[in-house]
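Number of protein chains: 2
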Amino acid sequence: MKSIESRTANMSTPIFCGPVNRVVVVGGTHGNEMSGVCLAKYWLQDSSELCRETFTAEPVLANPLAVERCVRYIDTDLNRCFSSELLSGPDSEKDPYEVKLAREIFQKYGSKQSSCDFVFDLHNTTSNMGATLILPTVDDPLEMHMANYLQSNCVDDSIPCHVFVCELPGKDTPYLQNIGKHCLSLELGPQAHGIIRADTLRRMRELVNCSLNFLDLYNQGKEFPSFEIDVCRVKFHVDYPRGSDGELQGFIHTQLQDKDYHPLQPGRPIFQTLHGEELCYDGEKTIYPTFVNEGAYYEKNVAFIAMEKLHCTVPALKVQR
Amino acid sequence: MKSIESRTANMSTPIFCGPVNRVVVVGGTHGNEMSGVCLAKYWLQDSSELCRETFTAEPVLANPLAVERCVRYIDTDLNRCFSSELLSGPDSEKDPYEVKLAREIFQKYGSKQSSCDFVFDLHNTTSNMGATLILPTVDDPLEMHMANYLQSNCVDDSIPCHVFVCELPGKDTPYLQNIGKHCLSLELGPQAHGIIRADTLRRMRELVNCSLNFLDLYNQGKEFPSFEIDVCRVKFHVDYPRGSDGELQGFIHTQLQDKDYHPLQPGRPIFQTLHGEELCYDGEKTIYPTFVNEGAYYEKNVAFIAMEKLHCTVPALKVQR
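From first to last, the protein sequence lines stand for chains F and H. Just so we're aligned: 308 in the numbering used here is position 308 of the first sequence, and the numbers increase by one with no gaps anywhere. One rule links them: number in the numbering used here = place in the second sequence (from 1) + 321.
The following block contains the structure:
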């Protein structure tokens with residue numbers, strides 16, 4: 001699906017995938033990302049909103065202790081604990097809290113006996129990323145059709161949908177979304193961690209509902225036609241300028257702040273310092289920065305994530321009976 | 322100074338105050354409010370920017386441990402530890418980290434032997450409060466003249482200055498600004514805690530510099546003429562709707578979000594819930610909400626602070642030789 005050429009022959013013949021029976025909607029993977037925390041808590045009290053004709057999605061509050069303390073995590077980032085290596089490692093009392101938690105969650109929702117068909121993971125970002133739909137690859141037709149369905153059927157120009165592909169070929173990825181056969185992570189921002197913005201909360205809620213509608217139509221046998229779509233794919237991470245002691249020597253330039261998904265040309269400023277210096281992007285190709293000035297990524301040495309644009313043609317899709 | 326009537330007789334005769342010799346600029350009172358943290362760290366390496374003809378301001382990083390961990394505080398809010406009661410309490414090993422810290426800071430900058438003449442305390446807020454100049458009262462002519470000077474000489478329409486008076490008559494206030502004879506707290510937002518926005522940082526820096534220019538002119542004998550000014554004064558705090566277990570039952574209404582300093586009429590919506598309900602302001606007078614949806618105030622049971630408008634006439638000011 002990565003280029004038009006490789007797929008044009010079969011575009012009108014649908015790809016058949018299995019039905020989606022077990023659906024999980026996870027909030028609170030990070031305890032201070034409040035849209036997902038609020039929605040998961042609400043649905044745990046009354047999940048009727050998650051019922052569809054062909055399934056009922058299960059709400060999950062992933063990290064209750066981090067939620068209680070309103071912090072991202074207790075010992076380590078839960079959303080970096082779902083690699084095969086960590087999940088299959090030997091249990092030890094000394095394991096960080098979130099490693100133990102990841103194994104419990106995987107046991108319940110991701111292991112062979114219980115594997116869920118679709119997992120939603122709900123996040124917020126301090127970056128101006130609108131409604132970002134994060135997919136692990138462009139190779140899963142069900143996920144790609146869902147993203148396309150949301151872009152067409154869940155329109156809000158003030159919080160627009162972007163498709164963010166975090167493809168790490170051959171890598172043992174550490175994300176919670178690994179617990180499902182298919183997945184979509186929602187990343188809504190800008191919202192400061194620890195606060196609830198009504199507009200962001202409403203948008204996340206309608207995106208989840210619209211996604212569930214899509215899965216229900218899919219299960220019921222609706223055929224979704226072939227389409228073309230532009231997505232952004234991760235190219236590389238860019239760290240802040242730092243001194244030898246790791247201290248920040250600069251910060252995001254005003255011209256880059258809030259410009260997630262805007263093209264950044266070579267030579268344009270990306271950082272500035274209190275001494276009045278500007279640091280410019282010295283790459284050779286135009287990139288599309290995302291997660292610009294995400295608060296939780298300072299400690300991960302990520303000032304922004306550089307993306308490339310990719311045009312995909314996705315074949316028609318129908319459920320396998 | 323609280324009403325035009327009470328002061329009109331003497332408006333043109335200047336009030337004489339003492340010179341300002343020792344000036345302290347404090348960042349990192351809250352370890353994740355990054356504008357002040359960045360500036361204090363920068364000035365601790367090179368304080369030449371804080372030199373004026375008549376004084377040199379001292380930079381202070383108030384809570385280095387909280388800064389290192391990028392959290393608001395370690396045990397308790399440092400900016401609630403400067404009440405006379407806490408400062409004069411008997412030392413105990415069991416005291417919270419910040420109580421010990423407050424006593425150290427007070428010893429160094431606020432006690433009789435070392436008392437500083439002017440203290441700046443640099444803060445950020447997740448609320449849309451622009452450049453808020455916080456004064457303890459309207460009764461200090463030096464502070465009022467500084468606020469007026471900033472409003473006239475440090476104009477930036479994208480981050481406008483507001484004067485916020487937190488007058489708590491007869492109360493033993495717990496704020497760090499108590500260490501100075503005179504004080505100004507700067508509260509700039511919106512900025513998520515833990516992140517550095519270049520625009521906010523630049524604005525805070527220019528406000529501090531402009532304030533130091535004012536103090537220098539004042540020390541040099543410039544007479545500042547009488548003026549009139551509108552300020553906002555704290556009326557009451559409003560908490561979120563909560564269940565009997567303390568859990569939030571609602572959040573700031575979209576119509577109130579980002580509307581700090583806008584008039585809020587009786588009957589207008591202030592909260593909404595996931596059930597679709599709206600809760601309205603049931604007071605009788607128009608108020609001016611501030612700190613709307615401040616992240617650090619969820620735990621303080623403050624959804625916003627209701628202010629009233631106050632028109633003040635301030636007499637001329639000159640240094641006492």
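Here a beta-carbon is modelled for each residue, glycine too, at the ideal position from N, C-alpha and C. Quick caveat: nothing in here was measured; it's all calculated off a predicted structure.
Using a Cβ-Cβ cut-off of 6 Å (strictly less than) and excluding sequence neighbours within five positions of T453/H, which residues of its own chain qualify?
The beta carbon of T453/H is closer than 6 Å to those of H483, F485 and E508 in its chain, skipping five residues each way along the sequence.
Endpoints, the alpha helix (DSSP H) within which K639/H is located:
Where K639/H is concerned, there is no enclosing alpha helix (DSSP H), although the beta strand (DSSP E) it sits in stretches over L638 to V640.
List the residues of chain F that Q593/H touches, going by C-beta distances under 8 Å, in chain order.
A198
Runs of beta strand (DSSP E) lying entirely within the segment 448–493 of chain H, each at least 3 residues, in chain order:
451–456 and 482–486
Coarse secondary structure for S185/F, derived from DSSP in three states
Note: S185/F maps to strand in three-state DSSP.
Positions along the segment 288–313 of chain F whose CB lies within less than 9 Å of some CB in chain H
N293, E294, G295, A296, Y298 and E299
Mapping the DSSP letters down to three states, classify A423/H as helix, strand or coil.
helix
Residues in its own chain within less than 6 Å of A617/H by CB, not counting five upstream and five downstream?
R393
If F625/H and T446/H are in contact, beta carbons under 8 Å, what's the gap, nearest whole angstrom?
No, F625/H and T446/H are not in contact; Cβ-Cβ is about 11 Å, not under 8 Å.
Segment limits, alpha helix (DSSP H) that includes M525/H
A519 to N540
Under three-state DSSP, which class holds N79/F?
Here N79/F sits in helix by DSSP.
Proximal residues of chain H, C-beta to C-beta of Y281/F below 8 Å:
Ordered by position in chain H, no residue passes the 8 Å Cβ test against Y281/F, which lies about 16 Å from the chain.
Residue from D260/F, G250/F, P289/F and S12/F with nearest C-alpha to F271/F:
G250/F
Distance, I395/H Cα to D460/H Cα
34 Å
Between R328/H and chain F, is there a C-beta pair that is closer than 8 Å?
Because R328/H carries a pLDDT of 43, less than 50, the predicted location of this residue cannot be relied on, and the following value inherits that uncertainty. No Cβ of chain F is located within less than 8 Å of the beta carbon of R328/H.
DSSP beta-bridge partners for V26/F?
Beta-bridge pairing links V26/F to V60/F and D121/F.
Between which residues of its own chain and E549/H is the CB-CB distance below 6 Å, once the five residues before and five after are set aside?
Excluding sequence neighbours, E549/H sits near T634.
Neighbourhood of D579/H by C-beta, 6 Å cutoff - its chain only, sequence neighbours within 5 removed:
N449
Ignore the nearest five residues each way along the sequence and tell me which others in A387/H's own chain have a CB closer than 6 Å to its CB.
G352, Y394 and I395
CA-CA distance, L631/H and F557/H?
15 Å
From what residue to what residue does the beta strand (DSSP E) around V559/H run?
F548 to V559
Note down, in chain order, each residue of its chain lying with its Cβ closer than 6 Å to the Cβ of E502/H, except the 5 sequence neighbours on either side.
For clarity, residue 502/H is Lys in the given sequence; the question names Glu instead. D438.
Compare the C-beta of H123/F against all C-beta atoms of chain H and say whether one is closer than 8 Å.
Look at H123/F: its C-beta is not under 8 Å from any C-beta on chain H.
Contacting residues, own chain, Cβ-Cβ under 6 Å from A40/F (five flanking each side not counted):
G27, G28, P59 and L61
With DSSP run on the structure shown, which of helix, strand or coil describes S67/F?
Per the sequence presented here, residue 67/F reads as Val, with Ser not at that position. Helix, per DSSP.
Here's the rule I'm using: 16 or more other beta-carbon atoms within 10 Å means buried, otherwise exposed. How should N178/F be labelled?
buried
Taking any Cβ of chain F, which residues in the segment 495–518 of chain H have a Cβ under 9 Å from it, in chain order?
Result list: P511, Q512, A513, H514, G515, I516, I517 and R518.
Does the segment 36–53 of chain F come close enough to the segment 77–96 of chain F to have 3 or more Cβ pairs within less than 8 Å?
no
What are the start and end residues of the alpha helix (DSSP H) that includes M34/F?
M34 to Q45
To the nearest angstrom, how far is it from the Cα of Q107/F to the Cα of E277/F?
51 Å
Could you tell me whether the Cβ atoms of Y496/H and N400/H are closer together than 8 Å?
yes
Backbone secondary structure at Q272/F - three-state DSSP:
strand
Cβ of C210/F less than 8 Å from any chain H Cβ?
no
For C166/F and S435/H, the rounded distance between their alpha carbons:
56 Å
Taking the C-alpha atoms as reference points, what is the distance between I159/F and I134/F?
15 Å
Endpoints, the beta strand (DSSP E) within which E85/F is located
Not the beta strand (DSSP E): E85/F falls in the alpha helix (DSSP H), residues S84 to L87.
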